[in-house]
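Chains as they are written, first to last, in the numbering used here: chain A, 32 to 818; chain B, 54 to 341. Remarks on the structure that follows.
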Amino acid sequence: MTAPAVLPKLVGQRVRRREDPRLIQGRGTYVDDVTIAGLQHLAFKRSDIPHGRILSIDTSAAEALDGVEAIFTGAQIAEFLGPMPVPTPFPAPEHRAVAADVVRYVGDPVAVVVARDRYLARDAADAITVDCEPLPAVVDPEAALSGQPAVLHADFPNNVAVGPLPAGTGVGRGGQVDDSAVDGAFAEAEVVVSQRMVNQRLAPTAIEPRGVVAHFEPGKETLTIWSSTQNPHILRTHVAALTGLGQDQVRAIAPEVGGGFGAKINIYGEDLVAAAVSKRLGLPVKWVEDRSEAFLATIHGRGIIGYVDIAARRDGRVLGLKLRLVADIGAYNMLLTAVVPTQTMRMANGTYAFPVVRATLTEVFTNKTPTDAYRGAGRPEAAYFVERAMDMLAREIGMDPAELRRRNFIQPHQFPYKTQVGALYDSGDYEKALDRALEKAGWEQLKAERDAARADGRLVGLGLSMYVEICGLGPSARLPNGGWEYSQVTVERDGRISATTGVSPHGQGNETTFAQMLADQFGVPLEHIRIHHGDTAVVKQGIGTFGSRSQAVGGAALHLAGGKVKTKMAKFAAALLEAHEGDLVFENGRIAVAGAPAAGKTFAEVAAYAHRPVKLPAGLEPGLSEEAFFEPPNNTYPFGCHIALLEVDRDTGEPRLLRMVAVDDAGNLINPLIVEGQIHGGLTQGIGQALVEEVVYGDDGQPLTGSLMDYAIPRATDFPRFELDNTVTPTPVNPLGAKGVGEAGTIGSTPCIVSAAVDALGGFGVRHIDMLLRPEKLWRIIHGGNA
Amino acid sequence: MFAADFEYYRAGSVAEARELLAAHPGAKLLAGGHSLIPLLKLRLAAPAAVVDIGRIGELHGISNGGGALHIGALTTHAEIAASAAVNAGAEALAEAASQIGDPAVRNRGTIGGNVAHADPASDLPTVLAALGATFTVSGPDGERSLAAADFFQGMMATALGEHDILTAVNVPAAGSGSGSAYVKFSHPASRYAVVGAAAAVTGAGGTCAGASVAVGGATAVPVRCASVEAALAGRALSADAIAAAAAAAGSDFGDDLLGDVFASGEYRKAVAPVYVQRALTAAAERAG
Numbered sequence: 032m033t034a035p036a037v038l039p040k041l042v043g044q045r046v047r048r049r050e051d052p053r054l055i056q057g058r059g060t061y062v063d064d065v066t067i068a069g070l071q072h073l074a075f076k077r078s079d080i081p082h083g084r085i086l087s088i089d090t091s092a093a094e095a096l097d098g099v100e101a102i103f104t105g106a107q108i109a110e111f112l113g114p115m116p117v118p119t120p121f122p123a124p125e126h127r128a129v130a131a132d133v134v135r136y137v138g139d140p141v142a143v144v145v146a147r148d149r150y151l152a153r154d155a156a157d158a159i160t161v162d163c164e165p166l167p168a169v170v171d172p173e174a175a176l177s178g179q180p181a182v183l184h185a186d187f188p189n190n191v192a193v194g195p196l197p198a199g200t201g202v203g204r205g206g207q208v209d210d211s212a213v214d215g216a217f218a219e220a221e222v223v224v225s226q227r228m229v230n231q232r233l234a235p236t237a238i239e240p241r242g243v244v245a246h247f248e249p250g251k252e253t254l255t256i257w258s259s260t261q262n263p264h265i266l267r268t269h270v271a272a273l274t275g276l277g278q279d280q281v282r283a284i285a286p287e288v289g290g291g292f293g294a295k296i297n298i299y300g301e302d303l304v305a306a307a308v309s310k311r312l313g314l315p316v317k318w319v320e321d322r323s324e325a326f327l328a329t330i331h332g333r334g335i336i337g338y339v340d341i342a343a344r345r346d347g348r349v350l351g352l353k354l355r356l357v358a359d360i361g362a363y364n365m366l367l368t369a370v371v372p373t374q375t376m377r378m379a380n381g382t383y384a385f386p387v388v389r390a391t392l393t394e395v396f397t398n399k400t401p402t403d404a405y406r407g408a409g410r411p412e413a414a415y416f417v418e419r420a421m422d423m424l425a426r427e428i429g430m431d432p433a434e435l436r437r438r439n440f441i442q443p444h445q446f447p448y449k450t451q452v453g454a455l456y457d458s459g460d461y462e463k464a465l466d467r468a469l470e471k472a473g474w475e476q477l478k479a480e481r482d483a484a485r486a487d488g489r490l491v492g493l494g495l496s497m498y499v500e501i502c503g504l505g506p507s508a509r510l511p512n513g514g515w516e517y518s519q520v521t522v523e524r525d526g527r528i529s530a531t532t533g534v535s536p537h538g539q540g541n542e543t544t545f546a547q548m549l550a551d552q553f554g555v556p557l558e559h560i561r562i563h564h565g566d567t568a569v570v571k572q573g574i575g576t577f578g579s580r581s582q583a584v585g586g587a588a589l590h591l592a593g594g595k596v597k598t599k600m601a602k603f604a605a606a607l608l609e610a611h612e613g614d615l616v617f618e619n620g621r622i623a624v625a626g627a628p629a630a631g632k633t634f635a636e637v638a639a640y641a642h643r644p645v646k647l648p649a650g651l652e653p654g655l656s657e658e659a660f661f662e663p664p665n666n667t668y669p670f671g672c673h674i675a676l677l678e679v680d681r682d683t684g685e686p687r688l689l690r691m692v693a694v695d696d697a698g699n700l701i702n703p704l705i706v707e708g709q710i711h712g713g714l715t716q717g718i719g720q721a722l723v724e725e726v727v728y729g730d731d732g733q734p735l736t737g738s739l740m741d742y743a744i745p746r747a748t749d750f751p752r753f754e755l756d757n758t759v760t761p762t763p764v765n766p767l768g769a770k771g772v773g774e775a776g777t778i779g780s781t782p783c784i785v786s787a788a789v790d791a792l793g794g795f796g797v798r799h800i801d802m803l804l805r806p807e808k809l810w811r812i813i814h815g816g817n818a
Numbered sequence: 054m055f056a057a058d059f060e061y062y063r064a065g066s067v068a069e070a071r072e073l074l075a076a077h078p079g080a081k082l083l084a085g086g087h088s089l090i091p092l093l094k095l096r097l098a099a100p101a102a103v104v105d106i107g108r109i110g111e112l113h114g115i116s117n118g119g120g121a122l123h124i125g126a127l128t129t130h131a132e133i134a135a136s137a138a139v140n141a142g143a144e145a146l147a148e149a150a151s152q153i154g155d156p157a158v159r160n161r162g163t164i165g166g167n168v169a170h171a172d173p174a175s176d177l178p179t180v181l182a183a184l185g186a187t188f189t190v191s192g193p194d195g196e197r198s199l200a201a202a203d204f205f206q207g208m209m210a211t212a213l214g215e216h217d218i219l220t221a222v223n224v225p226a227a228g229s230g231s232g233s234a235y236v237k238f239s240h241p242a243s244r245y246a247v248v249g250a251a252a253a254v255t256g257a258g259g260t261c262a263g264a265s266v267a268v269g270g271a272t273a274v275p276v277r278c279a280s281v282e283a284a285l286a287g288r289a290l291s292a293d294a295i296a297a298a299a300a301a302a303g304s305d306f307g308d309d310l311l312g313d314v315f316a317s318g319e320y321r322k323a324v325a326p327v328y329v330q331r332a333l334t335a336a337a338e339r340a341g
């Protein structure tokens, strides 16, 4: 092994992503690149009405097409595939992957075609005729609570899926409610701000839509499933259970995954149908979602109405918060649907020491695509409601919005801090992040510039928001499939290192960050390390990548597994060197007694010895491979402060973002370059929600934003250069002190954009503007007053 | 995203393309493919046959003669945007072409395919209406030339018959003392025009000798804003005069306004004067 004389420490360095060259050059292998001899293709016939009773399905014309292998209606699928998995702790209606009797949203599958090629599969699906008796479409979630104009699921009267579920001050363990403290706080208030806010539906829109290849091999009795998923191990669990196979018989592979944003956590009906059909027919099958399908068949995010009330004194001291939530969850419960809005309740405190908090959640079925986790999953909604309301309070009492925040922060000495709604914040220094952001933005100067621009007749506004969120999901008590993570580290015979991780990166850069960690841990070059992931036959156990858990949970498991190997390797080295293992250091590709590197052995020499241990040191087994599970004792709670300067065109209402400053605290950083990339992406989606993205349904339940011609995703050219900085408040809940950062940008940015727009248009008497900030909406505020 | 079956023919000449159209009723012409292919993939169009004219050399390229730019129907947006002749004689056209889609679209999409598709939110029809372009059509009865007002007949509808082929677009080249500009309000998703305004101004010595203005996006076909043109003719090309003239833009739109979830017809009509003003201001500056 040749290594530089001195290897640099890599943790904390801006190491370029090792993943990028293959992805940028188009050399990645995605699900759609997988092919198998005899592969058949699936196409789904989907409902084109939002709600209706299936009277009959005629598949005869489709079956007559040459090359059509099989067609299954929902009723036929139900004979060999059980209901969809819903592991959340709330009652859920039965949901079939392919509807058998009632369709409940546009896009609900009613039949599946198996055919020789994709074109033929589509032809056959188009040739199926479905006779449906239309039922009234439930579109407005609040109107739906009266059971009008229809009830989606008979066992869920008034379309109530969950709730009303109370949390916070005065709510007992059994759910009994005592309003006295909350009522008292509001009675004592000098000022109360109250606002209904809509956090609109979004389409996650990964650049790679979903896809699946399922290959059941008769004789071997094994099923291999390739899927564009964030969590192959959880997919394996559910596929095995639903196809009647053992987990030993199922191998799930997540090859390159072109973005997930939470939408690929879910276990989808198409994956289960592909597995079940492959098993039934004994043939490999493939289904790849097209873009039009993705807008209907992949879960949506957000879609929640918040009624926010803050009680305060005129000096800015907050006295209490009430947050009543109505979540429009769509037609069915998916994997995590019901728990996503509970995260909004859980983060109702934000960064503030509200003396009393009451949150209440109701989840409602509507005839729309189901919602589930989308980047931030419940926390952006909480930050939005609380931060917008804090901004309204600042305007109401005429206080600088930064000063209002400062007066109400949970203080550093109060951590760990148990909030009124039950979250246990691990660590934090909110004022430090605020001050860093104010300094970075030049807050006082910005205010002066804004005022000068206004004097010139321009509509310029400033927005500021704090956020705190939940990362590092688990622990196991909070997740239906467990909240730990797994890793195995192997020092190979030649001194190279192979490591596996149960997280399944799809943009997070763990092939780079985890190699950085191991390089430092073992004192070897980054190039000598490979990180393997996304295949249940290679990675023995795992949970997956979501909830900003890769580093905080997966990284911790890697660190522990690496430590075990290192301990064992030191014993081999000690035997070779006739030294005490406690005196050895691993650095620069050598293992040696501290201070005497020349007398040591190379890393490869010790690795070779461990694999041919002649003679074997007492008490040791041969080999250098160890595994670890890490169960986090708590979540981490990263935080930050975002500031936006925005201008609205007086003549047309078009908003333009002029500056975007983001200060984030994710604890210790392994790779600041990758962290910045995550924040850039998060900011883009967070700002996108404020400025361009919205899933719109017509009053008849038909989707009106079903393509990228109608549904906008933000582009780099829409934005100024993001101005980033960070503070570092390590977490005590894992050995790395890393908190996680995948969702942060999405959480802090949205409210500050809206607050900036309200600030810009404050002269027109507006207190709040619901997203999205369509130019026409802003133009009507400026010119009509009838927004 | 999987087209229905169709037969594919490649034509080597305009004459052969016409023969293929005659032999295959309902056939669609394929040029750069950036309008037709999406329709096929979405199965919004399912012709029995597609006649590919994309490699007919005689339909390709830009020439300058007789006071006009002759732009072959297969000339791509990228070629138009980069053309010195177009940038000199029809700035608005180069400006619009440079804003269509993204580089991949501009490298494949053609002016002929674009205008034959006649999307009401498309950029080029608006510019061509303002610049007084004519459209050369080769049909069973020979060749004919149509003005924009006659060529664009409705949403996705043109004067092209089933056996017609658009062969060229001719744009009068602006002389000295003239300038043109195109300014658009892009839809955030499609980047098509919510409102697109094209203006051409002749203004020797700072007085408007003639202006032509068209607006697209708000109506089924581009609207020539006669009121704006009349209000500006003979006036000094001052900011105030331009603003006052542009304010009349909406009055030429009629009652059939286009709207969608992003922008209502009322709003499009209301902001059109702003974009007309911007286009006129830029055109007047170029007229210098």
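Here a beta-carbon is modelled for each residue, glycine too, at the ideal position from N, C-alpha and C. Everything numeric in this text was worked out from a predicted model, so none of it was measured.
- Across the set V65/A, I784/A, H126/A, the C-alpha of V65/A shows the shortest separation from the C-alpha of V288/A.
- Pairwise C-beta distances place the segment 482-490 of chain A out of contact with the segment 627-645 of chain A, as fewer than three of them are shorter than 8 Å.
- Under the 10 Å beta carbon count, L97/B is surrounded by fewer than 16 other beta carbons and is classified as exposed.
- Beta-bridge partners of V772/A (DSSP): none assigned.
- Judged by DSSP in its simplified three-state form, K251/A adopts coil rather than helix or strand.
- The closest CA to that of T334/B, considering only G318/B, C261/B, Y320/B, is found on C261/B.
- Shown here for A340/B: same chain residues with a beta carbon closer than 7 Å to its own, the five before and five after excluded, namely G230, S231, G232, V254, T255, G256 in chain order.
- DSSP places E148/B inside the alpha helix (DSSP H), whose first and last residues are 144-150.
- Assigned with DSSP and collapsed to three states, D801/A falls in coil, not helix or strand.
- Scanning the segment 54-104 of chain B for uninterrupted alpha helix (DSSP H) segments of 4 residues or longer gives 67-76, 89-94, listed from N- to C-terminal end.
- For V327/B, the residues of chain A that pass the 7 Å Cβ criterion are D682, T683, in the order they occur in the chain.
- Rounded to whole angstroms, the Cβ separation of P766/A and A587/A is 6 Å, and the two are in contact under 8 Å.
- Pairing H814/A with L266/A, the inter-Cα distance amounts to about 53 Å.
- Taking every protein chain shown into account, the CB of T160/A has fewer than 16 other CB atoms within 10 angstroms, so this residue is exposed.
- Taking the Cα positions, V789/A is about 21 Å away from F753/A.
- In the DSSP assignment, E516/A falls outside any alpha helix (DSSP H) and within the unbroken beta strand (DSSP E) covering 516-522.
- Among the residues facing chain A, M208/B is not included, as its CB has no counterpart in that chain under 8 Å away.
- The beta carbons of L38/A and P556/A sit closer together than 8 Å.
- DSSP places S91/A in the uninterrupted alpha helix (DSSP H) bounded by 91-94.
- Within the same chain, and ignoring the five residues on either side of A57/B in sequence, the residues whose Cβ sits closer than 7 Å to its Cβ are R96, A99.
- Rounded to the nearest angstrom, the gap between the Cα atoms of V624/A and K40/A is 19 Å.
- Its Cα nearest to that of K571/A, the residue E657/A stands out among R84/A, E657/A, V727/A, P235/A.
- Within the segment 321-352 of chain A, contact with chain B at the beta-carbon level (separation under 8 Å) is assigned to D321, R322, S323.
- The segment 54-63 of chain A makes no contact with the segment 114-124 of chain A; the number of CB pairs closer than 8 Å stays below 3.
- Only L95, R96 from the segment 79-97 of chain B bring a Cβ to less than 8 Å from some Cβ of chain A.
- Excluding residues up to 5 positions away in sequence, G125, T128 lie with their Cβ nearer than 7 Å to the Cβ of G114/B in the same chain.
- What P100/B touches in chain A, judged by beta-carbon distance under 9 Å, is nothing: the nearest beta carbon there is about 15 Å away.
- Counting only residues of its own chain and dropping the five nearest sequence neighbours on each side, A610/A has a CB closer than 6 Å to the CB of V624.
- Between the segment 174-181 of chain A and the segment 329-336 of chain A there are fewer than three C-beta pairs closer than 8 Å, too few to call the two in contact.
- Ranking I744/A, R47/A, L196/A, T567/A by CA distance to the CA of H264/A puts T567/A first.
- Rounded to whole angstroms, E338/B and G259/B show a C-alpha spacing of 9 Å.
- By the 16-neighbour rule on beta-carbons within 10 angstroms, N702/A is buried.
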